[in-house]
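Residue numbers (the numbering used here): 8 to 259.
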Ligand code: 13P
């Protein structure tokens, strides 16, 4: 059985004090709801305050970063290393979000290096993939996503592959209010599972969790989660309000 994982990607939102208030509010609404793994991914500068809150209050909430460099230290101006995140008990790291690929030039090879580094440091990578509207309209969804997943997972060992969370986020659905239909999300998540099965075997493919992301709300989460291959969600805008994010975590 795959435990559903609902992660909030706050993107570049929330000052540290707002972050603490948000996590407190979320926890009030989801405490005891342990059928789902809940993760919050604040900006780097919020991580110390959120980490302290989670630890002191004993909250069963994962703490994710939104990016990470693959090296432990060095001359990489503006970057944050795995060792730095480890200090604050970060558990998950989003890697290769389409906004990082689009605006910051991230490549499949870079994503692969980061996934390997994340695993080597004991983080759970949330590795993102997804096609643009143009690619979907040209019938390229499958080839684009298959290529991103194969490259991202390149040369992982089976245990590494097992712990990666893959987030399928069609770019046209991000922040647009136009989520993929549950059937479309399920179809692509199923294709991703087949890729994992071909490269790492069926046992790993059945264990790997695959999220859908893109305009997820409390209104569409239940239908998305009812599908065989959708094991959770990566939530942007709807993760910034405690009651709305909690409504997604408590979908069932
Ligand atoms: P929205 O939920 O705002 O569409 O964002 C999705 C996303 O990019 C999560 O990583």
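We treat Cβ as the ideally placed atom computed from N, Cα and C, and that holds for glycine.
Keep in mind that this is a model prediction, so the values were computed, not measured.
Residue i CB to nearest heavy atom of ligand 1 below 8 angstroms
i	result
residue 243	yes
residue 136	no
residue 16	yes
residue 152	no
residue 102	no
residue 221	yes
residue 182	yes
residue 25	no
residue 113	no
residue 106	yes
residue 230	no
residue 168	no
residue 204	no
residue 45	no
residue 176	yes
residue 80	no
residue 233	no
residue 259	no
Nearest to residue i (by Cα), restricted to the options the options
i	options	result
residue 74	133, 83, 58 and 101	101
residue 242	45, 22, 37 and 215	45
residue 167	138, 124 and 144	124
residue 79	93, 151 and 193	93
residue 228	208, 199, 250 and 259	259
residue 22	32, 40 and 57	57
residue 193	11, 140 and 231	231
residue 137	110, 104 and 163	104
residue 142	224, 151 and 39	151
residue 67	49, 176 and 34	34
Per DSSP, the bridge partner or partners of residue i
i	result
residue 48	16
residue 219	175 and 240
residue 65	Residue 65 is not bridged to any residue.
residue 72	100
Collapsed DSSP secondary structure at residue i in the structure displayed
i	result
residue 29	helix
residue 132	strand
residue 140	helix
residue 259	coil
residue 160	coil
residue 230	helix
Practice task
Quick one: which unbroken alpha helix (DSSP H) runs of 4-plus residues sit fully inside the stretch 100-124? Chain order, please.
Solution key: 105-111
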